[in-house]
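Enquirer: Structure below; questions to follow.
There are 2 protein chains.
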Amino acid sequence: MTTDHRALELIERLGNLLREEGRQGMSGALAPVHWQVLAYLSRCNRFSDHPVAVSEYLGLTKGTVSQSLKLLEARGLVARRPDPSDGRRVRLLLTASGLRAARAFPPAGAKAALAGLGARTQELEGLLHQLLQSLVRARGGRLFGACGACRHLVRAPSGLSCGLLDEPLTDHDLDRICREQEPSHPGAE
Amino acid sequence: MTTDHRALELIERLGNLLREEGRQGMSGALAPVHWQVLAYLSRCNRFSDHPVAVSEYLGLTKGTVSQSLKLLEARGLVARRPDPSDGRRVRLLLTASGLRAARAFPPAGAKAALAGLGARTQELEGLLHQLLQSLVRARGGRLFGACGACRHLVRAPSGLSCGLLDEPLTDHDLDRICREQEPSHPGAE
DNA sequence: TGTGATAGTAGCGAATCGATACTACCCGAT
DNA sequence: ATCGGGTAGTATCGATTCGCTACTATCACA
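So the protein sequences, as listed, match chains A and B.
Using our numbering, the final residue of the first sequence is 244, and nothing's skipped along the way.
Using our numbering, the final residue of the second sequence is 244, and nothing's skipped along the way.
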């Protein structure tokens, strides 16, 4: 009865340790949240590089994200551009140093620990993903999966495209995470 | 090459979601860290109910923990007592309402999501634990495992005891997490 | 006795973060 | 064509986190 929370405890504790490791890593001027924002921006596709997407992905309010972005912009890691197709929106992009910072994550210790798992990493990923999926579903949130596993993906003879946004997709797009993604079949990434 | 971080991303994201779910749960006056402190205090044994232990477990500095405890004490969730055997130490204990609050964690959504995994929960726990272990080892931290799986556990005819602290242990102690714990064999919980 | 390590607190400053309030813009319906 | 609801983003405020430094008290050991 009490034992079934063990996994949740572990996840929280691992999250804490990862966060803290990021904090005292090099260029320590960045808070954990900032690393996460940079990591997200380096992984998301061009339909998901907006402040709202960041706030949904990280589970923060828009106000909070707006502040963090202000700081990141002031440090030259992130740039803002107006979205030509929607005047309300702002598109975020990593600067050269922002990209460099994002690549420096996760820190060495965490990577090494993960490597120690060897082949079982896949297994862990699968389980975590399944857990995330049901948690997100219960909260009515978005999953932020890759286009390659999305039910909106259209494979036409003329090429790939997104059926929801009606936009052509390149191979490069398929791996990036998207705010609108919905799994094409249960359990897909 | 880039794929091997996927699991770390998932852990961080799940950690965020869990934290946020705790924040907006009932009696929302508590910050996520406070929940974690309460949860820890409800799970630790009598050799580990000190502020330093909390700070090591959660990966925070003692100063930070000291402040959080001050707040928790002001709200009547935690009480302090001097340790009779060591004048420097303070022993922490949950009040009745503190215990009630700790039991209300984790929130329903997370529990339901975990239940969805079914029997594979064990598997997930094992993998996470292994990951935690190597991460902690790399950082020179402490594992905080249960006495039942500790190499200092002595099973004498007179009963159980801790060989390191030279203290008798009851059955009830075996499940509680201890700051001094070292696994009795690689992979043990 | 004294020297160093450990436990805990206090105060400072920067940053997170939610809440609220506000502006700007899009879109659909009347 | 304009009205209204919904969405995107920002600004401000106050409470809290959190690392840092500095400080005291206690223990352990020589």
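Glycine is no exception: its CB is placed at the ideal position from the N, C-alpha and C atoms.
1. From residue 112(B) to residue 229(A), what distance separates their C-alpha atoms?
2. Do residue 65(B) and residue 183(A) come within 8 Å of each other at the CB atom, strictly closer than that value?
3. Can you pull the chain B neighbours of residue 161(A), defined as C-beta to C-beta under 9 Å?
4. If you follow the beta strand (DSSP E) that residue 210(A) is in, where does it begin and where does it stop?
5. For the segment 180 to 206 of chain B, list every residue whose C-beta sits within 7 Å of some C-beta in chain A, in sequence order.
6. Might you give, ordered along the chain, the residues of its own chain that have their beta carbon closer than 6 Å to the beta carbon of residue 56(B), omitting 5 neighbours on each side?
7. Among the residues of its own chain, which have a CB less than 8 Å from the CB of residue 145(B), if the five just before and after it don't count?
8. Counting only C-beta atoms, is residue 100(A) closer than 8 Å to chain B at any point?
9. I'd like to know if residue 151(B) contacts chain A, where contact means its C-beta is closer than 8 Å to some C-beta of that chain.
10. Roughly how many angstroms lie between the CA atoms of residue 154(A) and residue 166(B), to the nearest whole one?
11. Whole-angstrom Cβ separation of residue 77(B) and residue 162(B), contact assumed at under 8 Å?
12. Residue 123(B) lies in the alpha helix (DSSP H); which residues open and close that run?
13. Considering only the beta carbon of each residue, do residue 94(A) and residue 157(A) sit closer than 8 Å?
14. Can you list, in chain order, the residues of its chain whose CB lies under 6 Å from that of residue 191(B), leaving out five sequence neighbours each side?
15. By Cβ distance below 6 Å, which residues in the same chain neighbour residue 235(A) in space, the five residues on each side in sequence not counted?
16. Mind pulling the chain B residues with CB within less than 8 Å of residue 70(A)?
17. Expressed to the nearest angstrom, what Euclidean distance is found between the alpha-carbon atoms of residue 102(A) and residue 225(A)?
18. Does any CB atom of chain A fall closer than 8 Å to the CB of residue 143(B)?
19. According to DSSP, simplified to helix, strand and coil, what is residue 137(B)?
20. Just to confirm before moving on: does the CB-CB distance between residue 168(A) and residue 193(B) stay below 8 Å?
21. Which chain B residues are close to residue 108(A), counting only those with a beta carbon under 7 Å from its beta carbon?
22. At least one CB of chain A closer than 8 Å to the CB of residue 113(B): is that the case?
23. So the beta strand (DSSP E) residue 146(A) belongs to, where does it begin and stop?
24. Would you kindly report the start and end of the unbroken alpha helix (DSSP H) that includes residue 187(B)?
25. Within the same chain, show all residues whose beta-carbon is closer than 8 Å to that of residue 70(A), passing over the 5 residues directly before and after it, in chain order.
26. Just confirm the distance between the C-beta atoms of residue 67(B) and residue 91(A), as a whole number of angstroms; I'd bet it's less than 8 Å.
27. Going by DSSP, what residues sit across from residue 202(B) in a beta bridge?
28. Within this structure, are the beta carbons of residue 147(B) and residue 96(B) separated by less than 8 Å?
29. How about residue 89(A) and residue 149(A): are their beta carbons less than 8 Å apart?
30. Are residue 263(B) and residue 98(B) closer than 8 Å when you measure CB to CB?
31. To the nearest angstrom, how far is the alpha carbon of residue 233(A) from that of residue 188(A)?
32. Within the 8 Å Cβ cut-off, does residue 167(A) reach chain B?
33. Under the three-state reduction of DSSP, which class applies to residue 214(B): helix, strand or coil?
34. As a quick exercise: from 217(A), 210(A), 206(A) and 87(A), pick the residue whose alpha carbon is nearest that of residue 239(A).
35. Can you grab the Cα-Cα spacing for the pair residue 74(A) / residue 87(A), in whole Å?
Expert: In short, the structure shows the following:
1. 39 Å
2. yes
3. 60, 63, 64 and 67
4. 208 to 211
5. 180, 182, 183, 184, 185, 186, 187, 189, 190, 193 and 194
6. Only weak support is given to the placement of residue 56(B): the predicted model assigns it a pLDDT of 44, under 50, and the value that follows is read from those uncertain coordinates. Around residue 56(B): no qualifying Cβ.
7. 105, 106, 135, 136, 137 and 138
8. no
9. no
10. 37 Å
11. 6 Å
12. 117 to 129
13. yes
14. 198
15. 219
16. 66, 67, 69, 70, 71, 73 and 74
17. 13 Å
18. no
19. strand
20. yes
21. Per Cβ cutoff of 7 Å: no residues; residue 108(A) is ~13 Å from chain B at best.
22. yes
23. 145 to 149
24. 175 to 194
25. none
26. 7 Å
27. According to DSSP, which records beta bridges pairwise, residue 202(B) is partnered with nothing at all.
28. yes
29. no
30. Because chain B spans 56 through 244 in this model, residue 263(B) falls outside it and cannot be assessed.
31. 15 Å
32. yes
33. strand
34. 206(A)
35. 6 Å
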